[in-house]
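Position one of the sequence shown corresponds to residue 53 (our numbering), numbered consecutively onward. Idealized CB from N, CA, C, for every residue including glycine. The block underneath contains the structure these notes are about, expressed in structure tokens.
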Amino acid sequence: MSWIDFKALTEDVQKHLAQRNVGEVSYWFKIKVIQIKGRDIIDGIHWQGLRWELRMKYDWYFKYRAALLQVKYPRAEVQCFWGNQPAEGKTLQHILKTKIQAKRAQITKITNKMEAAKQKWNQLFPIEDEEDWKKATAKLAKLKFELLQLENDANDYVQQ
């Protein structure tokens with residue numbers, strides 16, 4: 053009997069799934085009830101648009117529904133099929149692109165407000181000493197950092 057390192061196996065599977073970008077594929081599951089003599093389809097159930105996680109999580113349910121159909125039609129053959137198809141929703145690349153656009157819009161909005169506040173400032177002490185200015189500057193730095201992270205993620209995705 054050989055020793056199996058389940059932790060390493062799990063990490064390998066996660067790396068493989070990340071490389072395949074499972075989020076861009078949707079899955080379907082089909083159950084058919086077929087007459088033994090005539091090979092005609094008597095009944096069937098079909099689910100589509102499932103994510104991989106849902107497909108695996110509810111595998112027990114699909115088998116349960118197949119068993120119910122077997123009980124309902126004891127003299128028939130019950131067949132289960134599943135497969136994948138290209139996803140119909142947004143891709144990861146599109147999602148990252150929209151997030152980058154949103155971050156840039158937030159940065160522009162805050163920068164414009166800060167510039168307008170600086171132009172209108174007419175107090176004795178400089179605006180850089182104000183608490184609100186410091187908060188806005190910190191938020192702007194945070195948004196720029198998040199934008200940089202998103203751009204790096206997008207570049208990593210494109211290189212895969």
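1. Which residue or residues does DSSP assign as beta-bridge partners of Y79?
2. So, G96 versus I83, is the Cβ gap smaller than 8 angstroms?
3. Using the beta-carbon count (16 or more within 10 Å), is L148 buried or exposed?
4. Can you tell me which residues form a DSSP beta bridge with A168?
5. Does at least one heavy atom of the ligand FAD sit under 7 angstroms from the Cβ of K115?
6. Would you kindly check if the distance between the Cβ of F81 and the Cβ of R31 is under 8 angstroms?
7. With distance defined between alpha-carbon atoms, name the residue in V123, Q145, D111 nearest to D135.
8. Use the C-beta contact count for Y113: other C-beta atoms within 10 angstroms, 16 or more gives buried, fewer gives exposed.
9. Taking its Cβ as the centre, do 16 or more other Cβ atoms sit within 10 Å of L121, making it buried, or is it exposed?
10. Quick test of the definition: if touching needs 3 or more C-beta pairs under 8 angstroms, does the stretch 155–163 touch the stretch 192–207?
11. Sort out for me which residues DSSP pairs I97 with in a bridge.
12. Just to confirm the assignment, what range does the alpha helix (DSSP H) spanning Q122 have?
13. Name the DSSP beta bridge partners of E129, please?
14. Do Q131 and I162 count as a contact pair if the criterion is CB distance below 8 angstroms?
15. Between which residues of its own chain and M166 is the CB-CB distance below 6 angstroms, once the five residues before and five after are set aside?
16. In angstroms with no decimal places, state the Cα-to-Cα distance between V74 and Q137.
Walking through what the data contain:
1. Here residue 79 corresponds to residue number 27 of the sequence shown, with the count starting at 1. L102, N136.
2. Working through the sequence shown from its first residue, we reach residue 96 at position 44. Working through the sequence shown from its first residue, we reach residue 83 at position 31. The answer is yes: Cβ separation under 8 angstroms.
3. Reading the sequence shown from its first residue, position 96 is the one you call residue 148. L148 is buried by the Cβ-count criterion.
4. Locating residue 168 in the sequence shown gives position 116, where the first residue counts as 1. None, per the DSSP bridge assignment.
5. The model on display carries no ligand, and the ligand FAD is accordingly not part of it.
6. Beyond the ends of the chain as shown, which are 53 and 212, falls residue 31; an answer cannot be given.
7. Translated into positions along the sequence shown, residue 135 becomes position 83. Rather than Asp, the amino acid found at residue 135 in this sequence is Gly. When each option's Cα is compared against that of G135, the closest is D111.
8. Position 61 of the sequence shown holds residue 113. Classification for Y113: exposed.
9. Taking the sequence shown and counting its residues from 1, the one referred to as residue 121 is at position 69. With 16 or more Cβ atoms within 10 Å of its Cβ, L121 is classed as buried.
10. yes
11. On the sequence shown, residue 97 is found 45 positions in, with the first residue counted as 1. Note: I97 sits in a beta bridge opposite I83.
12. Position 70 of the sequence shown, counting from 1, holds the residue named residue 122. Looking at the DSSP string, the run of the alpha helix (DSSP H) that includes Q122 is 111–124.
13. Position 77 of the sequence shown, counting from 1, holds the residue named residue 129. Paired residue(s): I86.
14. Counting from one through the sequence shown, the residue named residue 162 turns up at place 110. Counting from one through the sequence shown, the residue named residue 131 turns up at place 79. No, the Cβ-Cβ distance between I162 and Q131 is not below 8 angstroms.
15. Here residue 166 refers to the residue found at position 114 when the sequence shown is read from its first residue. Here the set comprises A188.
16. Taking the sequence shown and counting its residues from 1, the one referred to as residue 74 is at position 22. Taking the sequence shown and counting its residues from 1, the one referred to as residue 137 is at position 85. With a pLDDT of only 48 at V74, under the threshold of 50, the placement of this residue in the model should not be trusted, and no figure is reported.
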